[in-house]
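Under this note's numbering, the residue at position 7 of the sequence shown is numbered 983, and the numbers go up by one with no gaps.
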Amino acid sequence: MRDINEHTPGEDLIIKTAVRLMVPFAQLFGLYVIVHGHYSPGGGFQGGVILGAAFIMLALAFDMKTSQQYMTIRVNTVFNNLGAAIFVGVGALSAIFGGLFLDYSALDKLIPMGSVEWRSFGIFLVEVGVGFTVMSIMVLLYWNLSSGGAMDEGL
């Protein structure tokens, strides 16, 4: 990443500074939307889009390599697979313990905390899985589309 004092013609210092200030708040808000998705409007998809947009803002204001310094392709792949594994894992565990796919109350046999609590916690886990997957796919789509599939150039 370049030093903040380096400035070449055509670059906008105001946009870069604004993005540098907005990204942490966008990421925090995205996490808030995911975590509170089972209590209020929002959830995994909306929070994942907000988290993905934060990395896309970095790529638009700076370049794609700067964005990939904060989330590498390997980390992106881990988030993608982990999110899908959480979603499918919660559903499969529900089915294994005698319920339907994503019937969270069946997970009470795994750890007895009550069916109501398991429904709330199960929805939370699914929201986290969906959020991870949506964020990583959104960032990966941007990287692929902006680089023409090469993922090394950017806009």
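The C-beta atom is built at its ideal place from N, Cα and C for all residues, glycine as well.
Please read all numbers here as calculations on a predicted model, not as lab measurements.
Assignment of S1123 by DSSP, reduced to helix, strand and coil, places it in the helix class. For the pair I1087 and S1070, the Cα-to-Cα distance works out to about 12 Å.
Taking a C-beta distance under 8 Å as the contact criterion, M1040 and V1115 do not qualify as a contact pair. Counting the other Cβ atoms within 10 Å of the Cβ of M1089 gives fewer than 16, which makes it exposed. Secondary structure at E987: coil, using DSSP grouped into helix, strand and coil.
Within the region 1044-1105, the runs of alpha helix (DSSP H) that reach at least 4 residues and sit entirely inside it are, in chain order, 1049-1072.
Burial is judged here by how many other beta carbons sit within 10 angstroms of a residue's own beta carbon; E987 has fewer than 16 and is exposed. Residue state for Y1118 is assigned as helix, using DSSP reduced to three classes. R1095 and R1050 have their alpha carbons spaced roughly 32 Å apart. If you draw a 10 Å sphere on the C-beta of N1052, you find 16 or more other C-beta atoms in it, and that means buried. In the DSSP annotation of this structure, the continuous segment of the alpha helix (DSSP H) that includes F1031 starts and ends at 1020-1037.
Between L997 and G1023, the alpha-carbon positions lie close to 19 Å from each other. Distance from K1085 to F1073 at the Cβ level is roughly 5 Å; contact confirmed, criterion being Cβ atoms closer than 8 Å.
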